[in-house]
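Residue numbers (this note's numbering): 14 to 882.
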C-alpha cells in the first residue's frame with residue numbers, strides 16, 4: 014500500500030494501517046464537533062482481543078451521533094502500553110509479544126473541526142516468533158490407533174500475588190483445558206480445522222481468575238478431531254498424511270504484581286495417562302465411561318505418581334498461528350418440544366428446529382448402564398429415528414460404531430449424572446436415547462445445544478409475507494449450522510468445506526453475520542491446500558481427496574470470489590494480497606487444461622431440478638470470472654492488470670462465439686441458469702442484455718414460474734430477473750409452495766433449515782436437510798426488497814446503493830445491516846396510495862436511493878421519502 018493517505022486507502026478502510034503523519038494533514042482546527050464521536054473501536058475486527066500475532070494490526074471504528082452529512086477529513090490513532098500515555102501510531106511501529114496495548118482515535122470533520130476523542134480500547138499481543146514460545150510439544154506413548162484419549166497434567170505452586178495470567182494452547186486434534194478443575198474458556202472443538210502438516214492454530218485465554226495462592230494444576234484431554242480420523246469415511250481422512258496420535262503445546266504465563274513473570278510450559282515433566290474418554294470420532298461421536306474417571310485428576314492434590322512422563326513430540330507443522338476467528342461456542346440451549354417413550358429403555362426426543370451441536374443429558378442409573386444418544390433429522394412412521402438420509406457416506410468397520418451416536422456409561426453414584434460430549438458435533442432435530450438398563454427420563458433430562466462458530470449477527474430482514482420471513486430464518490439457521498471453523502456443506506453426513514457451497518453462500522453469510530475473521534482464516538487454508546502444480550481440491554481442508562478435474566473451475570473460483578467479497582463488504586484487501594501468488598499458480602495450471610481455449614470439464618449447476626446446463630459453458634464462464642477478478646486485484650495492488658483483462662476479453666469472445674445465439678438471445682441450452690449466468694457474470698455483448706433477460710423471463714414463465722435450476726441458478730436467476738425489470742416474475746417463483754421451491758421446504762414440509770435437494774426420495778437416502786447453498790434468495794430479499802447493497806466502486810459501504818422494490822405482494826419490508834462503517838437501515842410501508850421509505854446511512858458514508866427511474870444521492874443521517882404506491 015502506498016505510504017500515504019489517499020482515496021484508495023480511504024476506500025479500503027478508514028482505519029487500515031494508520032500512519033502518524035495523517036495527523037499533519039489539513040492542519041489548523043476550528044471549534045470542536047460535539048455531535049460525532051468515534052465508537053465501537055476494534056482491532057483486527059475484534060473487540061478488546063487478546064492473543065493477536067500480527068505486528069501491524071488493523072484498527073476500525075464507527076461513529077455515534079448520526080450527524081447528517083458528516084464526513085471525516087483526517088484522523089489520528091494513538092497507542093501505548095498505558096492508557097495514560099498514548100502516542101501517534103505509525104505502521105511498522107515495533108510491538109512486543111505478550112503485551113497489552115491501549116489506543117484511541119481522534120477524527121476531524123470536513124470543516125477541520127476535531128470530534129471528541131473516542132474512549133480508549135485495548136488489545137493484547139501473543140506470539141510473534143517461534144522463539145517467543147517456552148513450551149514444547151508433547152504426546153503420550155500410544156500410537157494413532159489407540160482409542161482412549163490422552164490426558165495430561167502438571168502441578169505447580171503460586172507463591173505470590175497474581176496480576177494476570179494467560180494460557181496459550183495449541184493441539185493437533187482438539188483439546189479441552191482445565192485449571193484447578195475448572196474448564197478454561199467457552200470455546201469447543203479448539204483449535205480450528207486446518208491442514209495440520211502446514212498450519213496449526215493456537216488459542217489464548219485469560220485465566221487470571223482460575224489461579225490461587227498455593228498449589229495449582231493445569232490439565233488437558235485431547236480428542237482426535239480431523240487430525241486422527243480413526244474411522245473409515247469416503248473422504249479418506251483415515252489415510253491423511255498428517256495422521257498421528259494427538260499432541261499438545263501449552264504455555265501458562267503468569268505475571269505477578271511485583272513485575273516478575275513465570276512460565277509453566279508443557280514438557281516431559283508433565284504426566285500422562287488415559288481415563289473415561291474411551292473413544293471419539295468426528296463422524297460417529299464420543300464414548301465416555303464414567304467408571305474409568307479418576308476423581309480429582311484435574312486438580313492440584315491428585316496423586317499422579319502412577320502416571321507416565323509425557324513424551325516430547327515434533328511440531329506437526331511449520332506454521333503456528335493465532336486463532337483470531339470466533340470460537341465454536343454454544344449459542345443457544347434448546348428444549349425439546351416433545352418426548353415419546355417407547356419403553357423404560359427407549360425414548361425419542363423432538364426439538365423445534367434442525368441444528369448443529371450436541372446434547373446434554375442428565376440421568377440417574379445403576380453403575381455400568383450404557384446409554385446411547387443417536388442423532389438425526391427425520392423420524393420413521395413408527396416414531397423411531399431415521400438416519401437413512403445422512404449416513405450414506407459413513408462406512409464403519411469397528412464393532413459398536415454408529416453414525417452420530419454418543420455413548421455414556423454411568424458411574425452409578427446414586428445421584429444424577431451429567432454428560433456432554435467433548436470432541437464431536439452432530440446435525441440433528443431428533444435424538445433417540447436408548448439404555449442397557451431401565452432408566453426414567455422426561456423432557457427435562459435432555460437439552461439440545463446449538464453450537465457453531467460464534468460469528469456476530471450483523472443483518473436482519475422481515476416483511477409482511479410470513480413465507481419470506483420463514484425462508485430468511487431457515488437460511489440463517491442453516492448458515493450458522495454450517496460454520497465450524499470452516500464453512501461446511503452440512504453438519505452431519507460430510508462436514509466438509511465444499512468450495513462452491515461457500516462462495517455461493519458468501520453474500521447471504523456476510524449480510525447476516527460479521528464473518529471476516531472466519532473467511533480470512535479459511536483463505537489461508539486455501540493457500541495451504543494448493544499443490545505444486547497449482548490445483549486445489551473441491552473440499553478444503555483436504556488430505557488428498559477432491560483434486561483434479563472434478564469438481565473443477567466453478568468450485569475453484571472460491572479463491573477469487575470470497576476475497577473479492579471481503580473487499581466489497583469490508584474494503585479489506587488482506588486475503589487478496591495473501592492469495593495473489595496462489596491465484597497466479599492456479600491460473601497457470603488452468604492454462605494447461607484448456608482445449609481450444611475452453612475448459613471442457615468440471616461440475617456446473619449442481620443439484621439441478623430437471624434442466625441441465627452445459628458444463629463446458631459454466632466452467633469456461635467461471636474461468637472468465639477468475640480473470641475478470643484477477644484484473645481487479647492486480648489494479649488494486651498496483652500491478653499490471655492488462656494481461657488479465659485481455660485474457661478475460663478473449664474468454665468472453667470464445668464463450669459468445671460457441672454458446673450464444675445473438676438473434677434469439679439464447680445461451681447454451683437456454684436454461685434458466687444459462688441465461689441468468691451470462692447476465693450475472695457480464696458475458697452478454699453490449700446491447701444484447703435485455704434480449705437475453707427477456708428470454709430468461711420467457712423460460713421462467715413457460716415453466717409456470719417454477720424454478721428449474723441448481724446452485725448456480727439459485728444465485729443468479731432471481732437477481733437477474735430483478736435487474737432487468739422482472740421482479741414480479743421473481744416473486745411468483747419465490748413465493749410458490751409446491752415443489753420445487755423454497756416455499757415447499759419451509760411451508761409445505763415445515764423444514765427449519767434448507768435441504769440439499771429440492772425434494773427427498775421416498776427412501777430418504779439421498780440428501781441432508783441442513784445445507785445452505787440454495788439460500789442466496791435471502792440475500793436477494795435484503796438486496797432487492799429492503800434494498801441494501803454495497804457499491805463496487807466504493808468498497809466497505811463507504812457509498813451505499815439503496816434499491817428497494819415496492820412489490821404488490823408486500824405491504825412493508827425492512828432490512829438492517831451493521832456494516833463495518835455502522836448501521837444501515839431501509840424500511841418501507843404502504844400508507845394508502847403512497848409508500849413511505851425511511852433510510853439510515855452511517856456517518857462518513859453516502860448513498861444513492863434508487864426507486865424505479867428516480868435516483869437521489871444522500872449523505873449520512875436518517876432520510877424519509879414518499880413515493881406513489
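Every residue, glycine too, gets a C-beta built ideally from N, C-alpha and C. All of these numbers come straight from a predicted model, not from anything done at the bench.
Candidates the options, of which the one nearest residue i by Cα
| i | options | result |
| --- | --- | --- |
| residue 497 | 468, 407 and 863 | 468 |
| residue 146 | 851, 550 and 328 | 328 |
| residue 179 | 205, 171 and 221 | 221 |
| residue 416 | 162, 405 and 105 | 405 |
| residue 804 | 54, 577 and 353 | 577 |
| residue 429 | 527, 387 and 378 | 378 |
| residue 837 | 813, 352 and 198 | 813 |
| residue 808 | 475, 393 and 585 | 585 |
| residue 382 | 390, 245 and 357 | 357 |
| residue 360 | 395, 333 and 343 | 395 |
| residue 606 | 647, 570 and 562 | 562 |
| residue 884 | 163, 599, 45 and 103 | This structure cannot settle anything about residue 884, because the visible part of the chain is limited to 14 through 882. |
| residue 258 | 785, 283, 211 and 156 | 156 |
| residue 80 | 835, 861, 136 and 869 | 835 |
| residue 134 | 126, 289, 556 and 51 | 51 |
| residue 494 | 821, 104, 533 and 438 | 438 |
Cα-Cα separation, residue i to residue j
| i | j | result |
| --- | --- | --- |
| residue 275 | residue 183 | 19 Å |
| residue 660 | residue 580 | 23 Å |
| residue 622 | residue 881 | 39 Å |
| residue 463 | residue 370 | 5 Å |
| residue 304 | residue 426 | 10 Å |
| residue 457 | residue 828 | 37 Å |
| residue 767 | residue 620 | 13 Å |
| residue 29 | residue 653 | Interpretation of residue 29 is limited by its pLDDT of 33, a score under 50 that renders its predicted location unreliable; the figure taken from the coordinates is listed afterwards. Those two C-alpha atoms are separated by around 24 Å. |
| residue 731 | residue 793 | 7 Å |
| residue 875 | residue 855 | 9 Å |
| residue 630 | residue 351 | 50 Å |
| residue 409 | residue 384 | 20 Å |
| residue 683 | residue 712 | 8 Å |
| residue 877 | residue 796 | 19 Å |
| residue 64 | residue 747 | 45 Å |
| residue 526 | residue 833 | 11 Å |
| residue 515 | residue 169 | 46 Å |
| residue 524 | residue 228 | 49 Å |
Identity of the residues DSSP links to residue i by a beta bridge
| i | result |
| --- | --- |
| residue 669 | Beta-bridge pairing links residue 669 to no other residue. |
| residue 69 | Residue 69 pairs with nothing; no bridge assigned. |
| residue 558 | Beta-bridge pairing links residue 558 to no other residue. |
| residue 261 | 151 and 184 |
| residue 457 | Residue 457 pairs with nothing; no bridge assigned. |
| residue 567 | Bridge partners of residue 567: none, in fact. |
| residue 342 | 465 |
Opening and closing residue of the alpha helix (DSSP H) in which residue i lies
| i | result |
| --- | --- |
| residue 741 | 740 to 747 |
| residue 726 | 724 to 736 |
| residue 632 | 628 to 649 |
| residue 532 | 529 to 542 |
| residue 604 | 587 to 604 |
| residue 707 | 702 to 715 |
Residue i: first and last residue of the uninterrupted beta strand (DSSP E) it sits in
| i | result |
| --- | --- |
| residue 803 | 801 to 803 |
| residue 580 | Run containing residue 580: none in the beta strand (DSSP E); it sits in the alpha helix (DSSP H), 571 to 583. |
| residue 390 | No beta strand (DSSP E) contains residue 390, which DSSP labels as neither H nor E. |
| residue 494 | Segment 479 to 494 is the alpha helix (DSSP H) holding residue 494; no beta strand (DSSP E) there. |
| residue 830 | 825 to 832 |
8 Å CB neighbourhood of residue i in its chain, flanking five on each side removed
| i | result |
| --- | --- |
| residue 879 | 847, 848, 849 and 850 |
| residue 764 | 367, 487, 758 and 782 |
| residue 819 | 841, 843, 848, 864, 880 and 882 |
| residue 664 | 610, 633, 636, 637 and 640 |
Own chain, CB closer than 7 Å to residue i, minus 5 neighbours either side, in chain order
| i | result |
| --- | --- |
| residue 595 | 539, 540, 543 and 572 |
| residue 738 | none |
Chain-order list of residues whose beta-carbon lies under 6 Å from that of residue i (same chain, five-residue window excluded)
| i | result |
| --- | --- |
| residue 508 | 501 |
| residue 566 | 612, 615, 632, 635 and 636 |
| residue 442 | 364, 367 and 390 |
Residue i: CB within 7 Å of a non-hydrogen atom of the ligand MN
| i | result |
| --- | --- |
| residue 242 | Looking at this structure, you won't find the ligand MN or any other ligand, since it has none at all. |
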